[in-house]
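One structure is given here, and the rest of the page talks about it.
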Amino acid sequence: MSVATATAHPNIALVKYWGKRDTALNLPAVPSLSLTLDGFSTTTRVHWGVDVDKVYLQGRPADEDTRRKVLAALDRLDPARPPVRVDSLNDFPAGAGLASSSSGFAALVVAAAAAAERDLPRPELSVHARRGSGSACRSLWGGFVRWNLGESPDGSDSHGEPVAPADHWEVAMVVAIVSGDKKDVASTAGMETSRLTSAYYPAWVAQGPARVAAGVAAVQARDLRALGEQMEASTFEMHAVMHTTQPAILYWKPATVACLHAVRGLRASGTLAYATMDAGPNVKVLCGRADAEAVAEALRAYVSDVRIALPGGAPTVVRG
Ligand code: DP6
Numbered sequence: 195m196s197v198a199t200a201t202a203h204p205n206i207a208l209v210k211y212w213g214k215r216d217t218a219l220n221l222p223a224v225p226s227l228s229l230t231l232d233g234f235s236t237t238t239r240v241h242w243g244v245d246v247d248k249v250y251l252q253g254r255p256a257d258e259d260t261r262r263k264v265l266a267a268l269d270r271l272d273p274a275r276p277p278v279r280v281d282s283l284n285d286f287p288a289g290a291g292l293a294s295s296s297s298g299f300a301a302l303v304v305a306a307a308a309a310a311e312r313d314l315p316r317p318e319l320s321v322h323a324r325r326g327s328g329s330a331c332r333s334l335w336g337g338f339v340r341w342n343l344g345e346s347p348d349g350s351d352s353h354g355e356p357v358a359p360a361d362h363w364e365v366a367m368v369v370a371i372v373s374g375d376k377k378d379v380a381s382t383a384g385m386e387t388s389r390l391t392s393a394y395y396p397a398w399v400a401q402g403p404a405r406v407a408a409g410v411a412a413v414q415a416r417d418l419r420a421l422g423e424q425m426e427a428s429t430f431e432m433h434a435v436m437h438t439t440q441p442a443i444l445y446w447k448p449a450t451v452a453c454l455h456a457v458r459g460l461r462a463s464g465t466l467a468y469a470t471m472d473a474g475p476n477v478k479v480l481c482g483r484a485d486a487e488a489v490a491e492a493l494r495a496y497v498s499d500v501r502i503a504l505p506g507g508a509p510t511v512v513r514g
């Protein structure tokens, strides 16, 4: 088989990654913890052995930066690779803080290895995904996933690691799509500027391991309040770093803030719901599955496109 198609789900960080200790190897400055989501996916077809390299996103030739990153990921998988054609389709907005790079690079490496008939261990695929985009290393597993810092200088032990499968816990992530527009500061550039200019960055890095340890314990104990508190704290700490970066990185829109207040209102009236944001204006709310519809309804007062996602599974090879 020289052709394979794989589908992967994005993941949303419950404890965030923002900042690198090694930009060349894409090694994080902090560990992180995530939840893989169903309901959103990237499907990527890789065809080894065509006449010339071609990379298509949503049916159109990819922009130069994406093309370079995709081909570099394939070069690392096989330095002697033949020319390749890549076709990738997202069923949700890309580059808008909805973690499209996480599902994108996970689907790419799984499809590329399958098309080459290489049965690589999943941690190794996770390392390949990490080199493409850090958060992607967590999308190699379903459910709750930790990305460890690792110790090896070559980065081979900095990859995702499953904490609990998708069916471990009946939670939901309600996604309020404030805007599907491409963000004006990309994560890679933004987190590097934060490292160089935010006075809060050292405190952020120091805090990371304890937040992940508390988050993992909360997942294992199925303690939504404890997990929600860690997630919100990590979110606001990361955005404080963004806001104190020079020039300031401000992803929030008025509707973002309205959703944050709505979540606090839900909590005040007894619903366990906690908010997170990433590198974009969209708000994701973690809650019990039974409360998801009520949470979505509360957010629809401010945002028209609100979707409910449940814990999702690992990438799958869907066809040759
Ligand atoms: C805010 O994984 O997109 O979503 O490694 O530079 O490609 P690169 O960054 P990326 O950063 C995602 C950061 C985040 C938080 C998170 O997912 O942990």
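Each residue of the sequence shown is one higher than the last, beginning at 195 in our numbering.
Even for Gly, the Cβ is constructed at its ideal location relative to N, Cα and C.
Since this is a predicted model, take the numbers as computed values, not measurements.
Could you give the first and the last residue of the continuous alpha helix (DSSP H) run that contains residue i?
i	result
His437	418-437
Ala305	294-309
Leu314	That residue, Leu314, is in no alpha helix (DSSP H); it is neither H nor E in DSSP.
His241	His241 -> not in any alpha helix (DSSP H); beta strand (DSSP E) instead, spanning 236-242.
Val372	Premise fails: Val372 is in no alpha helix (DSSP H) and is neither H nor E.
Pro356	Not the alpha helix (DSSP H): Pro356 falls in the beta strand (DSSP E), residues 354-358.
Gly459	448-462
Arg262	258-271
Gly384	381-391
What are the boundary residues of the beta strand (DSSP E) that includes residue i?
i	result
Ser282	278-284
Ser226	226-230
Tyr395	Element bounds for Tyr395: not the beta strand (DSSP E) but the alpha helix (DSSP H), 395-414.
Ala467	467-470
Leu251	248-251
Val489	No beta strand (DSSP E) contains Val489, which is instead part of the alpha helix (DSSP H) from 486-493.
Ala503	500-503
Leu480	477-482
Arg332	Careful: Arg332 lies outside any beta strand (DSSP E) and carries neither H nor E.
Arg275	That residue, Arg275, is in no beta strand (DSSP E); it is neither H nor E in DSSP.
Val512	510-513
Give me, in chain order, the residues of the same chain whose beta-carbon lies closer than 6 Å to that of residue i; leave out the 5 immediate sequence neighbours on both sides.
i	result
Val249	Ala256, Arg261, Val264, Val280
Ser392	Val435, Thr438, Thr439
Val497	Ala370, Val372, Ala449
Leu251	Ser282
Met385	Trp212, Gly213
I'd like the list of long-range same chain contacts for residue i, defined as Cβ closer than 7 Å, with 5 residues on each side in sequence excluded.
i	result
Ala488	Thr465
Ala300	Ala202, Ala323, Ala330, Ser333, Leu334, Pro509
Ser196	His241, Trp242, Gly243, Ala309
Lys210	Ser226, Ser428, Thr429, Met432
Ala274	none
Leu268	Arg275, Val278, Ala306
Please return the same chain residues whose Cβ sits closer than 8 Å to the Cβ of residue i, not counting the five positions on each side in sequence.
i	result
Val511	Ala198, Thr199, Ala200, Val304, Ala305, Ala308
Trp245	The sequence given here places Asp at residue 245; Trp does not occur at that position. Result list for Asp245: Pro277, in chain order.
Val357	Leu227, Gly337, Phe338, Val339, Arg340, Val410, Val413, Gln414
Glu426	Tyr468, Ala469, Thr470
Asp216	Gly349
Does any residue of chain C bring its CB to less than 8 Å from the CB of residue i?
i	result
Asp259	No chain C is present in this structure, which holds just one protein chain.
For ligand 1, list every residue whose C-beta falls under 5 Å from any of its heavy atoms, going in chain order.
-> Residue list for ligand 1: Ala207, Lys210, Tyr211, Ser226, Ser295, Ser327, Gly328, Ser329, Ser381, Thr382, Asp472, Ala473 (CB closer than 5 Å to any heavy atom, chain order).
Hey, which unbroken runs of the alpha helix (DSSP H) at 4 residues or more fall wholly within the region 202-227?
-> Runs of the alpha helix (DSSP H) inside the region 202-227: none found.
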